[in-house]
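Engineer: When we follow the working numbering, the leftmost residue of the first sequence carries the number 314, and every step to the right adds one.
Using N, Cα and C, we set each Cβ at its ideal position, and we do this for glycine too.
Can you read through this structure? Questions will come right after.
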Amino acid sequence: MSSARAKPALPTSLWWIRRDLRLTDNPALQAALRHGAVVPVFILDPAASGSRYHARAQRRQAFLYASLRSLDAELRARGSRLVVRTGRPAEVLAQLAAETQANGLFAEEDHSPYARRRDAAVQGVLPLTLTGGLTVHHPANVQKAAGGPYTVFTPFSKAWHALRRPTPADLEPAPARLPAVSPALASEPLPAGEAPADFPAGEAEARRRLERFLAGPIHAYAEGRNQLAEAGTSSLSPYFRFGLLSARTAAVAALEAAGRAPQPANGAGTWLTELIWREFYIAVLYHFPHVLQTAFNPNLRAIAWRTAPEDFAAWQAGRTGYPVVDAAMRQLAQTGWMHNRARMIAASFLVKDLLIDWRLGEQWFMEQLVDGDPAANNGGWQWTAGTGTDAAPYFRIFNPVLQSQKFDPAGRYLRRFVPELAAVPDEYLHAPWKMPPLIQHQVGCVIGRDYPTPIVDRAAVKARTLAAYKAGA
DNA sequence: TGAAATGTTGGGGCG
DNA sequence: ACGCCCCAACATTTC
Numbered sequence: 314m315s316s317a318r319a320k321p322a323l324p325t326s327l328w329w330i331r332r333d334l335r336l337t338d339n340p341a342l343q344a345a346l347r348h349g350a351v352v353p354v355f356i357l358d359p360a361a362s363g364s365r366y367h368a369r370a371q372r373r374q375a376f377l378y379a380s381l382r383s384l385d386a387e388l389r390a391r392g393s394r395l396v397v398r399t400g401r402p403a404e405v406l407a408q409l410a411a412e413t414q415a416n417g418l419f420a421e422e423d424h425s426p427y428a429r430r431r432d433a434a435v436q437g438v439l440p441l442t443l444t445g446g447l448t449v450h451h452p453a454n455v456q457k458a459a460g461g462p463y464t465v466f467t468p469f470s471k472a473w474h475a476l477r478r479p480t481p482a483d484l485e486p487a488p489a490r491l492p493a494v495s496p497a498l499a500s501e502p503l504p505a506g507e508a509p510a511d512f513p514a515g516e517a518e519a520r521r522r523l524e525r526f527l528a529g530p531i532h533a534y535a536e537g538r539n540q541l542a543e544a545g546t547s548s549l550s551p552y553f554r555f556g557l558l559s560a561r562t563a564a565v566a567a568l569e570a571a572g573r574a575p576q577p578a579n580g581a582g583t584w585l586t587e588l589i590w591r592e593f594y595i596a597v598l599y600h601f602p603h604v605l606q607t608a609f610n611p612n613l614r615a616i617a618w619r620t621a622p623e624d625f626a627a628w629q630a631g632r633t634g635y636p637v638v639d640a641a642m643r644q645l646a647q648t649g650w651m652h653n654r655a656r657m658i659a660a661s662f663l664v665k666d667l668l669i670d671w672r673l674g675e676q677w678f679m680e681q682l683v684d685g686d687p688a689a690n691n692g693g694w695q696w697t698a699g700t701g702t703d704a705a706p707y708f709r710i711f712n713p714v715l716q717s718q719k720f721d722p723a724g725r726y727l728r729r730f731v732p733e734l735a736a737v738p739d740e741y742l743h744a745p746w747k748m749p750p751l752i753q754h755q756v757g758c759v760i761g762r763d764y765p766t767p768i769v770d771r772a773a774v775k776a777r778t779l780a781a782y783k784a785g786a
């Protein structure tokens, strides 16, 4: 009699977690659950380094591991747990599929070149089902009417808006319970490491930050986002980087907030535009993966960058003698994050004032940033260098003194990250080399002794940069 | 999601 | 009343 036989096991699948460390609004998890029992898997991939900076991005790795521990706790609270394994994904997943009798494999699609190679290798071994979730709209769905990808932001943005807008009903709540994972299934411990102090790990923290942002700063975002010393940004970038918050959740929140406010150019609308910039650069990398190696603009691949290790080291260490550049670079080194306006200022200084290859700056940012994402980081650097899609023109050179006067008028950002300038009077703070020697001694900040002399004369280097771009074009 | 140089305009002080 | 100068504010151009 059939009743005497063992009940056939529920079909089982692997939920392969890569950069979607969340239970809320997770299409890959939902697809796995529709299939049957689910084994959540994270693979420590020694080759995930695909990139030269990966191994040195220790703060981002620590944030990832801490967030995985948090995810494991959330899974356990729902009757499941995280299974961690080390190795090449194709081999690890094949082994796990054999151990668990899984006949399904689900993951959120990642469009970076490394991820695509990795997933192609897995697909040669197992039927891998990729779902959306990294972006609101898949890069292949935001195309010109005549076909082909956009390379300018504004039309991309229009096409994005013309697609179906996500609504609250689209957001998949976190499952209250999850199928158990057999206690016999082995899991490795996660590497140690605490999340950076300014960025506590986990999905719940991402949610709290979103709520805090929606409760106030989002409405003043159009201006507030530019103030270096203010908490005017969402500070969600590391959470988007690892999918602790879905882009769709953020877009729904932005659309709701924008709808309530009367003006079209409101803070929420501006923030939504930033989310679309994120999707734009993800799409650019999807369609033009070579941007990680060279300039998007083929006419700007022959610029004679300077080889200037000492200048580069001064930039990295925040010792250029330009306070806002130094504050930015020290904020990065100390906290693993940099204000977006500061990223533009610091990047412009490296590329346009020091005439150092933007790829060196890109690599340094990837090593340091908790939120370091190849698409956004490359997009930002190519924009600044003027080599990218929809880029800043080559002659646009930020003046660090004007930028800091405009976006840190009280000097709070400068004094926080460059403490040796703390006693410098406001009037000289943004350009301390103009301080009369007597005042330098009075306030205990002698230029060249307590704070660096500017490593370049901006007025003089401008012509050099314009010439280099013209010759390299 | 510049900056700086140059040009234009218009108000106010002043003889 | 008028011309002249100064200069701030704004616009235009160039890199």
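Which residue from Lys775, Glu680, Gln753, Arg389 puts its Cα closest to that of Arg369?
Structural biologist: Looking up residue 369 in the first sequence gives position 56. Checking every option, the nearest Cα to that of Arg369 belongs to Glu680.
Engineer: By DSSP, does Tyr764 sit in helix, in strand, or in coil?
Structural biologist: Your numbering for residue 764 matches position 451 in the first sequence. Tyr764: strand per DSSP, three-state reduction.
Engineer: Secondary structure at Glu501, three-state DSSP: helix, strand or coil?
Structural biologist: Numbered from its first residue, the first sequence carries residue 501 at position 188. Note: Glu501 maps to coil in three-state DSSP.
Engineer: What residue range does the alpha helix (DSSP H) around Leu384 cover?
Structural biologist: As a first step, residue 384 must be located in the first sequence, where it is residue number 71. Unbroken alpha helix (DSSP H) run through Leu384: 371-389.
Engineer: Work out the CA separation of Trp746 and Pro765 for me, nearest whole Å.
Structural biologist: Start at 1 with the first residue of the first sequence, and residue 765 comes out as number 452. Start at 1 with the first residue of the first sequence, and residue 746 comes out as number 433. Pro765 and Trp746: Cα-Cα distance of roughly 9 Å.
Engineer: Measure the beta-carbon distance from Leu523 to Ala560 and round it to whole angstroms, keeping in mind my assumption that it falls under 8 Å.
Structural biologist: Translated into the one-based positions of the first sequence, residue 523 becomes position 210. Translated into the one-based positions of the first sequence, residue 560 becomes position 247. Not quite, the Cβ-Cβ distance comes to about 12 Å (not below 8 Å), so this is no contact.
Engineer: Taking the beta strand (DSSP E) that Arg490 belongs to, which residues open and close that run?
Structural biologist: Along the first sequence, one-based indexing puts residue 490 at 177. Unbroken run through Arg490: none, as it is neither H nor E.
Engineer: Tell me, which residues are paired with Gln676 by DSSP?
Structural biologist: Taking the first sequence and counting its residues from 1, the one referred to as residue 676 is at position 363. None, per the DSSP bridge assignment.
Engineer: When DSSP labels each residue in this structure, what does Glu421 get in the three-state scheme?
Structural biologist: The residue labelled residue 421 in the question sits at position 108 within the first sequence. Note: Glu421 maps to strand in three-state DSSP.
Engineer: Compute the Euclidean distance between the alpha carbons of Gly437 and Ser326, then round it to the nearest angstrom.
Structural biologist: Taking the first sequence and counting its residues from 1, one reaches residue 437 at position 124. Taking the first sequence and counting its residues from 1, one reaches residue 326 at position 13. Using only the alpha carbons, I get a separation of about 17 Å.
Engineer: Looking at Leu549: is its Cβ nearer than 8 Å to the Cβ of Ala567?
Structural biologist: For the purposes of this step, residue 549 is taken as residue 236 along the first sequence, with counting starting at 1. For the purposes of this step, residue 567 is taken as residue 254 along the first sequence, with counting starting at 1. Not a contact, by the Cβ cut-off of 8 Å.
Engineer: Can you have a look at Ser495 and say buried or exposed, based on whether 16 or more other CB atoms are within 10 angstroms of its CB?
Structural biologist: Counting from 1 along the first sequence, the entry for residue 495 is found at position 182. It counts as exposed.
Engineer: Suppose you measure from the CA of Gly363 to the CA of Ile768; what does that come to, to the nearest Å?
Structural biologist: On the first sequence, position 50 is the one that residue 363 refers to. On the first sequence, position 455 is the one that residue 768 refers to. A caution first: Gly363 carries a pLDDT of 46, below 50, which makes its placement in the model unreliable, though a value can still be read off. Spanning the two alpha carbons is a distance of roughly 35 Å.
Engineer: Taking buried to mean at least 16 other C-beta atoms within 10 Å of its own C-beta, is His348 buried or exposed?
Structural biologist: Residue 348 sits at position 35 when you count from the first residue of the first sequence. So His348 ends up on the buried side.
Engineer: DSSP state of Glu592, grouped into three classes?
Structural biologist: Stepping through the first sequence from its first residue, residue 592 is reached at position 279. It is helical.
Engineer: Using only the alpha-carbon positions, how far apart do Ala571 and Pro481 sit?
Structural biologist: For this step, residue 571 is matched to residue 258 along the first sequence. For this step, residue 481 is matched to residue 168 along the first sequence. For Ala571 and Pro481, the distance between alpha carbons rounds to 14 Å.
Engineer: Looking only at C-alpha atoms, which of Pro513, Ala660, Pro551, Lys471 sits nearest to Asp684?
Structural biologist: Reading the first sequence from its first residue, position 371 is the one you call residue 684. When only C-alpha atoms are compared, the closest one is Pro551.
Engineer: Does the pairing of the region 420-429 with the region 329-339 give three or more beta-carbon distances under 8 Å?
Structural biologist: With the cut-off at 8 Å, the region 420-429 and the region 329-339 touch.
Engineer: If you pair each beta-carbon of the region 590-605 with each one of the region 729-742, do three or more pairs fall below 8 Å?
Structural biologist: No, the region 590-605 does not touch the region 729-742.
Engineer: Thinking C-alpha only, which one of Met657, Glu592, Gly674, Met651 is nearest Asp624?
Structural biologist: Taking the first sequence and counting its residues from 1, one reaches residue 624 at position 311. When each option's Cα is compared against that of Asp624, the closest is Gly674.
Engineer: Taking the CB atoms as reference points, tell me whether Ala668 and Arg632 lie closer together than 8 Å.
Structural biologist: Here the question's residue 668 lines up with position 355 in the first sequence. Here the question's residue 632 lines up with position 319 in the first sequence. Strictly speaking, residue 668 in this sequence is Leu, with Ala absent from that position. Going by C-beta atoms, Leu668 is not nearer than 8 Å to Arg632.
Engineer: What separation, rounded to the nearest whole angstrom, lies between the Cα atoms of Ser315 and Ala689?
Structural biologist: Your numbering for residue 315 matches position 2 in the first sequence. Your numbering for residue 689 matches position 376 in the first sequence. Per-residue confidence for Ser315 stands at a pLDDT of 40, beneath the threshold of 50, marking its modelled position as unreliable; the derived number appears in the next sentence. For Ser315 and Ala689, the distance between alpha carbons rounds to 57 Å.
Engineer: Sorted by chain position, which residues of the same chain lie with C-beta nearer than 6 Å to Pro575's C-beta, five sequence neighbours on each side aside?
Structural biologist: For the purposes of this step, residue 575 is identified with residue 262 of the first sequence, where counting begins at 1. For Pro575, the predicted structure reports a pLDDT of 48, less than 50, and the residue's modelled location is therefore unreliable. A value from the coordinates is still provided. No residues qualify anywhere along the chain.
Engineer: Since Pro402 is in the alpha helix (DSSP H), which residue starts that stretch and which ends it?
Structural biologist: Stepping through the first sequence from its first residue, residue 402 is reached at position 89. Here the alpha helix (DSSP H) through Pro402 covers 402-413.
Engineer: Within 10 angstroms of its Cβ, does Lys665 collect 16 or more other Cβ (buried), or is it exposed?
Structural biologist: On the first sequence, position 352 is the one that residue 665 refers to. It is buried - the Cβ of Lys665 has at least 16 other Cβ atoms within 10 Å.
Engineer: Within the region 440-494, note down every full alpha helix (DSSP H) run reaching 4 residues or more, in order along the chain.
Structural biologist: Runs found: 466-475.
Engineer: Are the beta-carbon atoms of Arg382 and Val354 separated by less than 8 Å?
Structural biologist: Indexing the first sequence from 1 puts residue 382 at position 69. Indexing the first sequence from 1 puts residue 354 at position 41. In this structure, Val354 does not lie closer than 8 Å to Arg382 by Cβ.
Engineer: Tell me, to the nearest whole angstrom, how far the beta carbon of Gly506 is from that of Gln374; I am working on the premise that it is less than 8 Å.
Structural biologist: Locating residue 506 in the first sequence gives position 193, counting from the first residue. Locating residue 374 in the first sequence gives position 61, counting from the first residue. At roughly 7 Å, the Cβ-Cβ gap stays under 8 Å, so Gly506 and Gln374 are in contact.
Engineer: If you draw a straight line from the alpha carbon of Leu799 to that of Pro468, how long is it in whole angstroms?
Structural biologist: What is shown of the chain runs 314 to 786, which leaves residue 799 out entirely.
Engineer: Classify Cys582: buried if its beta carbon has 16 or more other beta carbons within 10 angstroms, exposed otherwise.
Structural biologist: Here residue 582 refers to the residue found at position 269 when the first sequence is read from its first residue. Correcting the residue type first, residue 582 is Gly in the shown sequence and not Cys. By the neighbour-count rule (16 or more Cβ atoms within 10 Å), Gly582 is buried.
Engineer: What is the residue span of the beta strand (DSSP E) that Ala705 lies within?
Structural biologist: As a first step, residue 705 must be located in the first sequence, where it is residue number 392. Run containing Ala705: none; DSSP gives neither H nor E here.
Engineer: Quick one, are the C-beta atoms of Thr702 and Phe609 less than 8 Å apart?
Structural biologist: As a position in the first sequence, residue 702 is number 389, starting the count at 1. As a position in the first sequence, residue 609 is number 296, starting the count at 1. Taking 8 Å as the Cβ cut-off, Thr702 and Phe609 qualify as a contacting pair.
Engineer: What does the alpha-carbon distance come out to for the pair Arg709 and Gly699?
Structural biologist: For the purposes of this step, residue 709 is identified with residue 396 of the first sequence, where counting begins at 1. For the purposes of this step, residue 699 is identified with residue 386 of the first sequence, where counting begins at 1. For Arg709 and Gly699, the distance between alpha carbons rounds to 8 Å.
Engineer: Kindly provide the ranges of any alpha helix (DSSP H) runs that are 4 or more residues long and lie completely inside the region 610-660, ordered along the chain.
Structural biologist: Correct list: 622-630, 636-648.
Engineer: Starting from Ser547, follow its DSSP beta bridges and name the residues at the other end.
Structural biologist: By 1-based counting over the first sequence, the position of residue 547 is 234. In DSSP, Ser547 forms no bridge with anything.
Engineer: For Leu541 and Ala660, which I take to be in contact (beta-carbon distance under 8 Å), what is that distance rounded to the nearest angstrom?
Structural biologist: As a first step, residue 541 is located in the first sequence; it is residue number 228 there, counting from the start. As a first step, residue 660 is located in the first sequence; it is residue number 347 there, counting from the start. Between Ala660 and Leu541 the Cβ distance is about 15 Å, and since that is not below 8 Å, they are no contact.
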